[in-house]
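Q: Before I ask anything, here is the structure I am working with.
2 protein chains.
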Amino acid sequence: MSDREKRTVRDLRRTNRSAVLRKLYFDGPLSRQELAPATGLSSGSISNVVAELTADGLLEEAGSVDSDGGRPRTLLRVARRCAYLIGVDVGETRVRVELFDLALTELARAERPLARYGYDVERVIGHIRGALADVLHDANVAASRLLGVGVGVPGIVDRSSPGGAVVHGQTVGWDAVPLESLLRASGGLPEEVPLFIDNGAKTLGQAEVWFGAGRGARHAVIALIGSGVGACIITDGGLYGGAHSSAGEWGHTVLQVGGRLCRCGAKGCLEAYVSAEAVLERWAEIGGDVGDADEETALATLLAHADAADEKAVALLDETAEYLGAGIADLVNLFNPERIIISGWAGLLLGRHFLPAVRRSAAAYALRHPVERTTIELGLLGPDAVTVGAATLPLADFLARGGRGRESATAGH
Amino acid sequence: MSDREKRTVRDLRRTNRSAVLRKLYFDGPLSRQELAPATGLSSGSISNVVAELTADGLLEEAGSVDSDGGRPRTLLRVARRCAYLIGVDVGETRVRVELFDLALTELARAERPLARYGYDVERVIGHIRGALADVLHDANVAASRLLGVGVGVPGIVDRSSPGGAVVHGQTVGWDAVPLESLLRASGGLPEEVPLFIDNGAKTLGQAEVWFGAGRGARHAVIALIGSGVGACIITDGGLYGGAHSSAGEWGHTVLQVGGRLCRCGAKGCLEAYVSAEAVLERWAEIGGDVGDADEETALATLLAHADAADEKAVALLDETAEYLGAGIADLVNLFNPERIIISGWAGLLLGRHFLPAVRRSAAAYALRHPVERTTIELGLLGPDAVTVGAATLPLADFLARGGRGRESATAGH
DNA sequence: AAGCTTAATTTAGGTTATGAGTTAAGACGT
DNA sequence: ACGTCTTAACTCATAACCTAAATTAAGCTT
Chain V
1 MSDREKRTVR
11 DLRRTNRSAV
21 LRKLYFDGPL
31 SRQELAPATG
41 LSSGSISNVV
51 AELTADGLLE
61 EAGSVDSDGG
71 RPRTLLRVAR
81 RCAYLIGVDV
91 GETRVRVELF
101 DLALTELARA
111 ERPLARYGYD
121 VERVIGHIRG
131 ALADVLHDAN
141 VAASRLLGVG
151 VGVPGIVDRS
161 SPGGAVVHGQ
171 TVGWDAVPLE
181 SLLRASGGLP
191 EEVPLFIDNG
201 AKTLGQAEVW
211 FGAGRGARHA
221 VIALIGSGVG
231 ACIITDGGLY
241 GGAHSSAGEW
251 GHTVLQVGGR
261 LCRCGAKGCL
271 EAYVSAEAVL
281 ERWAEIGGDV
291 GDADEETALA
301 TLLAHADAAD
311 EKAVALLDET
321 AEYLGAGIAD
331 LVNLFNPERI
341 IISGWAGLLL
351 GRHFLPAVRR
361 SAAAYALRHP
371 VERTTIELGL
381 LGPDAVTVGA
391 ATLPLADFLA
401 RGGRGRESAT
411 AGH
Chain Y
414 MSDREKRTVR
424 DLRRTNRSAV
434 LRKLYFDGPL
444 SRQELAPATG
454 LSSGSISNVV
464 AELTADGLLE
474 EAGSVDSDGG
484 RPRTLLRVAR
494 RCAYLIGVDV
504 GETRVRVELF
514 DLALTELARA
524 ERPLARYGYD
534 VERVIGHIRG
544 ALADVLHDAN
554 VAASRLLGVG
564 VGVPGIVDRS
574 SPGGAVVHGQ
584 TVGWDAVPLE
594 SLLRASGGLP
604 EEVPLFIDNG
614 AKTLGQAEVW
624 FGAGRGARHA
634 VIALIGSGVG
644 ACIITDGGLY
654 GGAHSSAGEW
664 GHTVLQVGGR
674 LCRCGAKGCL
684 EAYVSAEAVL
694 ERWAEIGGDV
704 GDADEETALA
714 TLLAHADAAD
724 EKAVALLDET
734 AEYLGAGIAD
744 LVNLFNPERI
754 IISGWAGLLL
764 GRHFLPAVRR
774 SAAAYALRHP
784 VERTTIELGL
794 LGPDAVTVGA
804 ATLPLADFLA
814 RGGRGRESAT
824 AGH
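Sequence lines, in order, name chains V and Y.
FYI, the working numbering numbers position 157 of the first sequence as 157, with every residue one higher than the one before it.
Count along the second sequence starting at 1, add 413, and that's the number in the working numbering.
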């Protein structure tokens, strides 16, 4: 059923290093004393592991706290400058690259616009490579000190193929683009720096779970509404990808058999009702004025109409809230998460307008037991957090490895 | 993020015992020589672990194979009679209890009918207790030799509450029934025999994954269609439960916002279109003759009508196939499984009739990439496998523990 | 019967975590 | 100021474990 699980006594150390590192990373500075019960290790082992991590330069002291009457405990934290991360957001209109330290504070960024016709693969690769060199130069960080590069892209990322991640971006016209090998071949970064590619929606979700509205949830779904609709599914604290890491395609969930035509070709998808594009389209259909502004301002205009009690706008948004609620009900019924977080630029805009209505609709369509135990909230991070989320991918790997190098990870099957 | 991960050097042994045991359990008799690469352990450790397991009576030799010129390797297998399992199926019309050996071959069974008004909790508890005693007596097995008792029930089982599993069976009128503590209190089985309770659909799914159409799949969804509709979701080889183990409530996925009223109170649920009850209801609505036979024969009659080219029946089933396909498309989009297995008595009946149509519909409603990589098949096990699946719960626990006792598992947080 | 081949066990060596005992560092009371 | 008390962190002996190499076991070939 499952081959290689855990093997040697050496893996133990890695696991324990990882536990200590993770605890310190997420729960701020802690003393060795607090670390012991939190990780389940004995105080002796904590000393041992901490000494090792400190020797590796991953941990540093952070002051001390009096302990009434006794020796004060010295606090420990992860050394934020011991390594660096890069997050790349390949968006609909631009490529953005940011450089972070371990604590994910931004050190440099570079952005390259992508003209509408700009989804030429070569052009995107070139932009990434150039921007990557720029941020490293600006912050004066050697590429060798990078823990890894995370890339968030639109579309489905299939990580199960042998030559590295392959991107299928139906909406941007990418069909089986072997992004990983192309980026590698472009020579922009050293051989040994690992590359992590995933769907942009998922990276944003990961960011939201680590640092935003999802903090502490073991089971959560981040619903992302922009021009399109997607979702990031967190199960047992980690990103769920399914067999070919294309899970979470919530936007193409069927809400109306034989309903509105979606850009995916099917009928009645959630996306055909609640995406910004769809809402505006429907607004135009019932005679709403759209103008030729960009989607963002157009949506804001629609919301303003509704605020001004424009009946048509109100009705449209009511319906949208019902559909969105029904879509969320599906997530609740199928995944039973603790929390559902609505995010994405349109999701935040719409959510601020009608979150209570969405909650009501979700409660009406979902089963009572699970929906009563799920909270539905808005995301705390802006859509810009895609880069943060992308940087999170190598970071997660780093923490899971306990801050050790990746040895000969090529001990394939 | 996650507390207790792995700790001591002792857990290592458990993990390795578990790996050896699992490998032997699922992949038949193997020699020590084959075991080594399969588990990632050295031949020395294999010897060691195997010796320990044999001393514990969990393994036995199973002949030997010549190895041209050398010492023949002796084959090993799990001793099927080293412990026993009980599976309980609390169904819509009866309680069934079966006793199995480790290989899950049936040794005894007992069945108690449940009158229509029979969902009285006390009655069910009494039936379980009685039938349990019967099978143990019939097969002459001491209760102390039981590895555990697995129970499959209708409704949502919340295992997150402190006093043991609680069952919320909306359809059978059970509201927060603390089945675990009630069964314990009934005194039917010794203190130390563990009790595992889960949704019957999920246990059936588990059986299908271990021994049926799902063998070998790491990501699968078993779609169960009977009077109601449910699903069992397997992620990374294990049952997915979500935050309160109520995940997989596929039947109440919305397929038609504002559509047919479902017995859950919401409108447009999948269950309101494709469950046996719903199909027959719709058949009656358009004037089909139903008679007052039980659901099973009524559905068979409908299918016979369609086979005889009764236009109304054909149209109804076409529509049903479309809805079912759309529901499956949702599963594909959201979970991206390798395999979807249609089961449940009505699912098997309907599936045999129109599986190709369902596949077409699913392909039309789901995204191309994932649906091309998912197979949609019928289950291989009959609905009777609920007991097998239930027995699988303690078995999974046993294998995960490496066949060791459960020590002081009360080292709670 | 000696030599060869392959299987399985034993042994030596190296990591690791535990837990008791020790040292470190400061507070408190007289 | 001094000794006592309290708490933190480290050290070291012990036990458990896995690996790799060496050894024993079992059967075939010539």
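Here a beta-carbon is modelled for each residue, glycine too, at the ideal position from N, C-alpha and C.
Small disclaimer: the values here were computed from a predicted structure and weren't measured.
1) Do Y/Leu559 and Y/Leu498 have their C-beta atoms within less than 8 Å of each other?
2) Please list, in chain order, the residues of the segment 241-268 of chain V that have any C-beta partner in chain Y closer than 9 Å.
3) Check for me: the alpha helix (DSSP H) holding V/Thr253 runs from which residue to which?
4) Check this for me: beta carbons of V/Leu316 and V/His353, under 8 Å apart or not?
5) List, in chain order, every chain V residue whose beta-carbon is nearer than 7 Å to that of Y/Leu739.
6) Once DSSP output is grouped into helix, strand and coil, what is the label at V/Ile414?
7) At the 8 Å Cβ level, is V/Phe335 part of the contact set with chain Y, yes or no?
8) Going by DSSP, name the residue or residues bridged to V/Trp283.
9) Let me know the secondary structure DSSP gives V/Val151 once reduced to three states.
10) Enumerate in chain order the residues of its own chain whose CB-to-CB distance from Y/Glu473 is below 6 Å, with the five nearest sequence positions on each side excluded.
11) Does any CB atom of chain V fall closer than 8 Å to the CB of Y/Thr733?
12) For V/Gly382, tell me which candidate among V/Ile225, V/Thr253, V/Pro356, V/Ala293 has the shortest Cα-Cα distance.
13) At least one CB of chain Y closer than 8 Å to the CB of V/Thr235: is that the case?
14) Taking the alpha-carbon positions, what's the V/Leu350 to V/Glu271 distance?
15) Does the CB of Y/Pro575 have a neighbour CB from chain V at under 8 Å?
16) For V/Asp89, list the residues DSSP reports as bridge partners.
17) Rounded C-beta distance between V/Ala385 and Y/Asn749? I'm assuming under 8 Å.
18) Assign Y/Pro603 to one of two classes, buried (16 or more other C-beta atoms within 10 Å of its C-beta) or exposed (fewer than that).
19) Look at Y/Val548 and Y/Val510 and say whether their C-beta atoms are less than 8 Å apart.
20) With a threshold of 8 Å between beta carbons, is Y/Ala711 in contact with chain V?
21) If you measure between the beta carbons of Y/Leu654 and Y/Pro607, is that distance less than 8 Å?
22) Thinking C-beta only, is V/Gly155 closer than 8 Å to V/Asn199?
23) Give a yes or no on whether the C-beta atoms belonging to Y/Ala633 and Y/Gly627 are separated by under 8 Å.
24) Does any residue of chain V have a CB that is nearer than 8 Å to the CB of Y/Tyr736?
25) Which residues of chain Y have a Cβ atom closer than 8 Å to the Cβ of V/His168, listed in chain order?
26) Does any residue of chain V have a CB that is nearer than 8 Å to the CB of Y/Ile610?
27) Starting from the C-beta of V/Asp330, find all residues in its chain whose C-beta is less than 7 Å away, skip the five residues before and the five after it, and write them out in chain order.
28) Rounded to the nearest angstrom, what separates Y/Trp623 and Y/Gly629 at their Cα positions?
29) Have a look at Y/Val585 and Y/Pro575 and give me their C-alpha separation to the nearest angstrom.
30) For the candidate residues Y/Leu652, Y/Ala697, Y/Ser774, whose alpha-carbon lies nearest to that of Y/Glu732?
31) Just by C-beta distance, which residues in the segment 370-384 of chain V are closer than 7 Å to chain Y?
32) Classify Y/Gly800 as helix, strand or coil using the three-state DSSP reduction.
33) Kindly examine the ligand SAM and report whether one of its heavy atoms sits closer than 7 Å to the Cβ of V/Val314.
34) Go ahead and label Y/Gly818 buried or exposed: buried means 16 or more other beta carbons lie within 10 angstroms of its beta carbon, across all protein chains shown.
35) Would you tell me roughly how many angstroms separate the C-alpha atoms of V/Ser144 and V/Glu192, rounded to the nearest one?
36) In the DSSP assignment, the beta strand (DSSP E) including Y/His581 goes from what residue to what residue?
A: From the atom records:
1) Judged by their CB atoms, Y/Leu559 and Y/Leu498 are nearer to each other than the 8 Å cut-off.
2) Residues are counted here when their Cβ sits less than 9 Å from a Cβ of chain Y; for the segment 241-268 of chain V these are Gly241, Gly242, Ala243, His244, Ser245, Ser246, Ala247, Gly248, Glu249, Trp250, Gly251, His252, Thr253, Val254, Leu255, Gln256, Val257, Gly258, Gly259, Cys264, Gly265, Ala266, Lys267, Gly268, given in chain order.
3) Premise fails: V/Thr253 is in no alpha helix (DSSP H) and is neither H nor E.
4) No.
5) One point to set straight first is that residue 739 of chain Y is Ala, not Leu, in the sequence displayed. The answer, in chain order, is Val254, Val257.
6) This structure cannot settle anything about residue 414 of chain V, because the visible part of chain V is limited to 1 through 413.
7) It does: the Cβ of V/Phe335 has a partner Cβ on chain Y nearer than 8 Å.
8) DSSP, once it has assigned bridges, lists no residue as partnering V/Trp283.
9) Strand at V/Val151.
10) Excluding positions up to five away in sequence, the list reads Ala492.
11) Cβ-Cβ to chain V under 8 Å: no for Y/Thr733.
12) Here the closest residue by C-alpha is V/Ile225.
13) Yes, V/Thr235 counts as interfacial toward chain Y.
14) Linking V/Leu350 to V/Glu271 through their CA atoms gives a straight-line distance of about 14 Å.
15) With 8 Å as the cut-off, Y/Pro575 does not count as an interface residue toward chain V.
16) Beta-bridge pairing by DSSP links V/Asp89 to V/Arg96, V/Gly152.
17) Their Cβ separation, rounded to whole angstroms, is 24 Å, which puts V/Ala385 and Y/Asn749 out of contact at 8 Å.
18) Result: exposed.
19) The criterion of a C-beta distance shorter than 8 Å is satisfied by Y/Val548 and Y/Val510.
20) Taking Cβ atoms only, chain V never reaches closer than 8 Å to Y/Ala711, which makes this a no.
21) Inspection of the sequence shows that residue 654 of chain Y is occupied by Gly rather than by Leu. In this structure, Y/Pro607 does not lie closer than 8 Å to Y/Gly654 by Cβ.
22) Cβ distance < 8 Å, so V/Asn199 and V/Gly155 count as in contact.
23) With contacts defined as CB atoms closer than 8 Å, Y/Ala633 and Y/Gly627 qualify as a contacting pair.
24) Interface criterion met: the Cβ of Y/Tyr736 is under 8 Å from a Cβ in chain V.
25) Chain Y residues near V/His168: His782.
26) Not an interface residue.
27) Within the same chain, and ignoring the five residues on either side of V/Asp330 in sequence, the residues whose Cβ sits closer than 7 Å to its Cβ are Thr253.
28) Cα-Cα distance, rounded: 8 Å.
29) Rounded to whole angstroms, Y/Val585 and Y/Pro575 show a C-alpha spacing of 24 Å.
30) Y/Glu732 has its Cα closest to that of Y/Ser774, out of Y/Leu652, Y/Ala697, Y/Ser774.
31) Contact residues of the segment 370-384 of chain V toward chain Y are Pro370, Arg373 (C-beta to C-beta distance below 7 Å).
32) Reading off the sequence, residue 800 of chain Y comes out as Thr, not Gly. Here Y/Thr800 sits in helix by DSSP.
33) No copy of the ligand SAM occurs in the structure displayed, which carries no ligand at all.
34) Burial call: exposed.
35) Looking at the two C-alpha atoms, the distance is approximately 8 Å.
36) That run of the beta strand (DSSP E) goes 579-582.
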